[in-house]
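Residue numbers (my numbering): 1 to 260. We put the CB at the ideal spot given by N, CA and C, even for glycine. Small disclaimer: the values here were computed from a predicted structure and weren't measured.
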């Protein structure tokens, strides 16, 4: 079991390393220190600090990974906070201690316009089709994904992008920007940000379970060892008692013999 725990720790370290490779260096440095700063600043997770955008969403289906990643780009690493005041506190610490750069999404300052989506089976709103998220961070999700469409093909993406003034992305990651640019070609899934994050979560969860199992095994072993010690001590006590009774018995026999 200890070998499994050691292997799991190595896998977790590799997953963290792989995650760092797919983000800008300054961002990686900032995010590495942010959790500690949040604790030191006494911010409340889930109320004032929510973590990276990608930490607050879940893919409806793995097949959407490439499209979502192309749509969000480095916004996946942007950090959601409750207000601009919270963001200012964190940025001040990062700047003061020279700990990298992070982009924050303060929920109280994000402007989200109402979007009218096209009524067509060829395109679907990425926000409601591809991801799930907590309503607490809805404004951040809308900020990044509200004007993104999932398109059936590149031709469809190009047509609807121009018609609706929205970015349209195919499952393969071909992007038709609402400004007219088309981006496509080979997508290296091994460099996927979302895949790296998913692998990191999986490695951490495996490590957590194995460490818990290891602790339980050690606790059980200690209990068994303590019981064995107690039994051994009780055996010694009984042996001592038996020896004492044997001595009394022999003494009584000697007295009886002397009286005859």
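Check: Contacting residues, own chain, Cβ-Cβ under 6 Å from residue 165 (five flanking each side not counted); Outcome: 178
Check: Residue 41 in three-state terms, based on DSSP; Outcome: coil
Check: Where residue 64 sits in the DSSP three-state scheme; Outcome: helix
Check: Residue range of the beta strand (DSSP E) that includes residue 103; Outcome: No beta strand (DSSP E) holds residue 103; DSSP gives it neither H nor E.
Check: Reduced DSSP category for residue 30 - H, G, I as helix; E, B as strand; rest coil; Outcome: helix
Check: Own chain partners of residue 112 with C-beta closer than 8 Å, once the 5 adjacent residues on each side are dropped; Outcome: 139, 142, 143 and 146
Check: Exposure label - residue 42; buried when at least 16 CB within 10 Å; Outcome: exposed
Check: Start-to-end residues for the beta strand (DSSP E) that takes in residue 148; Outcome: 148–151
Check: Extent of the continuous alpha helix (DSSP H) run through residue 261; Outcome: Residue 261 is absent from the model: the chain starts at 1 and stops at 260.
Check: Cβ-Cβ separation, residue 87 to residue 104 (assumed contact under 8 Å), whole Å; Outcome: 4 Å
Check: Sub-8 Å separation of residue 194 and residue 68 beta-carbons; Outcome: yes
Check: Terminal residues of the alpha helix (DSSP H) in which residue 88 lies; Outcome: 84–96
Check: Distance, residue 155 Cα to residue 176 Cα; Outcome: 9 Å
Check: Cβ contact (3+ pairs, closer than 8 Å) linking the segment 112–131 and the segment 29–42; Outcome: no
Check: Rounded Cβ spacing between residue 169 and residue 148 (contact assumed at less than 8 Å); Outcome: 6 Å
Check: Helix, strand or coil at residue 132 according to DSSP, with G and I counted as helix; Outcome: strand
Check: Residue of 100, 54 and 209 minimising C-alpha distance to residue 33; Outcome: 100
Check: Segment limits, beta strand (DSSP E) that includes residue 50; Outcome: 49–52
Check: Cβ-based neighbour list, residue 118, same chain, cut-off 8 Å, excluding 5 preceding and 5 following; Outcome: 149, 160, 163 and 164
Check: Minimum C-alpha distance to residue 136 - residue among 237, 240 and 45; Outcome: 45
Check: Whole-number beta carbon distance between residue 72 and residue 53, since they are thought to touch under 8 Å; Outcome: 7 Å
Check: 6 Å CB neighbourhood of residue 174 in its chain, flanking five on each side removed; Outcome: 154 and 184
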